[in-house]
Amino acid sequence: MAGAVESVRERDESAVALVYGSILTGAAVVAASQIGHDPGMEIVYTSVTMVVVWIAHTYAAFVGEGGRLDVDSAAHRGLAVALEQLPVLAAALPAVIGIAIAWALGAGSSTAAYVGLAVSITAMCALAARAARETGAGGGGELAAAAGALVLGALLIAAKVALK
């Protein structure tokens, strides 16, 4: 039993931020598909939304760590936290690239959004499974993590369809 406990790693905050960012990207794509009139606008809305999410996530992490009042140390710590939270923003890249490729291939707004959402869900599944594996979960844990991401993905698809 002790060996099993020792082999389990602590939570990787970068992996958590990537998974969280991919979930939020899916939600941003759904929202962007409702207000964007073309794939280009969906890319802009999704990207801007994810930049704001990254800033908000950085702020929350900074405050949660007790953002110091000393201006110099606060500035250095703020930059360090912003870099630590960068995976939240980086998680948007696959979906944005997917939308851009669909657009370049002539897809309309709805199709491009579904492509972005599919890419986001695929990334979410892969990132969740990888995070589970890296923390010591076996194959069952990886499968459960990916299945959880698929459930979230199904909810995002349902939201997109319902908002149509």
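Position 159 of the sequence shown, counting from 1, maps to 1449 under this note's numbering, and the rest follow consecutively.
Yeah, the Cβ is synthetic: ideal placement off N, Cα and C, and Gly gets one too.
Computed from a prediction, not measured in an experiment: that's the story for all the values here.
Practice task
Given a cut-off of 7 Å, decide if residue 1378 and residue 1311 are closer than it, judged by their beta-carbon atoms.
Solution key: The residue given as residue 1311 occupies position 21 in the sequence shown. The residue given as residue 1378 occupies position 88 in the sequence shown. A contact, by the Cβ cut-off of 7 Å.
Practice task
Give every residue of the same chain whose Cβ lies closer than 8 Å to the Cβ of residue 1438, excluding the five residues on either side of it in the sequence, and list them in chain order.
Solution key: Along the sequence shown, one-based indexing puts residue 1438 at 148. Around residue 1438: 1418.
Exercise for the section: Leaving aside the five residues before and after residue 1443 along the sequence, list all residues of the same chain whose C-beta is less than 7 Å from its C-beta, in chain order. Expected result: On the sequence shown, residue 1443 is found 153 positions in, with the first residue counted as 1. Within the same chain, residue 1443 has close Cβ partners 1316, 1411 and 1414.
Exercise for the section: Measure the CB-CB distance between residue 1397 and residue 1319 and report whether it falls below 7 Å. Expected result: For the purposes of this step, residue 1397 is taken as the residue at position 107 of the sequence shown. For the purposes of this step, residue 1319 is taken as the residue at position 29 of the sequence shown. No, the pair does not count as a contact, with Cβ atoms beyond the cut-off.
Problem - residue 1389 beta carbon less than 7 Å from that of residue 1329 - result: Residue mapping note: residue 1329 aligns to position 39 of the sequence shown, counting from 1. Residue mapping note: residue 1389 aligns to position 99 of the sequence shown, counting from 1. Contact: yes.
Problem - Coil, strand or helix - residue 1435 by DSSP - result: By one-based count along the sequence shown, residue 1435 stands at place 145. The answer is helix: DSSP assigns residue 1435 an H, G or I state.
Handout entry: Burial state of residue 1429 (16 or more Cβ within 10 Å)
Key = Start at 1 with the first residue of the sequence shown, and residue 1429 comes out as number 139. By the neighbour-count rule (16 or more Cβ atoms within 10 Å), residue 1429 is not buried but exposed.
Problem - Burial state of residue 1421 (16 or more Cβ within 10 Å) - result: Stepping through the sequence shown from its first residue, residue 1421 is reached at position 131. It is buried - the Cβ of residue 1421 has at least 16 other Cβ atoms within 10 Å.
Exercise for the section: Confirm, please, whether the CB-CB distance from residue 1305 to residue 1375 is below 7 Å. Expected result: Along the sequence shown, read from residue 1 onward, the residue named residue 1375 stands at position 85. Along the sequence shown, read from residue 1 onward, the residue named residue 1305 stands at position 15. Their beta carbons are not under 7 Å apart, which means residue 1375 does not touch residue 1305 by this criterion.
Practice task
Kindly indicate which residue of 1431, 1401, 1381 and 1407 has the alpha-carbon position closest to the one of residue 1341.
Solution key: Against the sequence shown, residue 1341 aligns to sequence position 51. Nearest of 1431, 1401, 1381 and 1407 to residue 1341, Cα basis: 1381.
Handout entry: Nearest neighbour of residue 1403, chosen from 1301, 1347, 1302 and 1334 [CA to CA]
Key = Within the sequence shown, numbered from 1, the residue matching residue 1403 stands at position 113. When only C-alpha atoms are compared, the closest one is 1334.
Problem - Among 1449, 1433 and 1383, the one whose alpha carbon lies nearest that of residue 1338 - result: Taking the first residue of the sequence shown as position 1, residue 1338 is located at position 48. The shortest C-alpha separation from residue 1338 is found at 1383.
Practice task
State the start and end residues of the unbroken alpha helix (DSSP H) segment that holds residue 1417.
Solution key: Within the sequence shown, residue 1417 is the residue found at index 127, counting from 1. From DSSP, the alpha helix (DSSP H) with residue 1417 extends over 1399-1424.
Practice task
Leaving aside the five residues before and after residue 1327 along the sequence, list all residues of the same chain whose C-beta is less than 8 Å from its C-beta, in chain order.
Solution key: Position 37 of the sequence shown, counted from the start, is the residue given in the question as residue 1327. Excluding sequence neighbours, residue 1327 sits near 1399.
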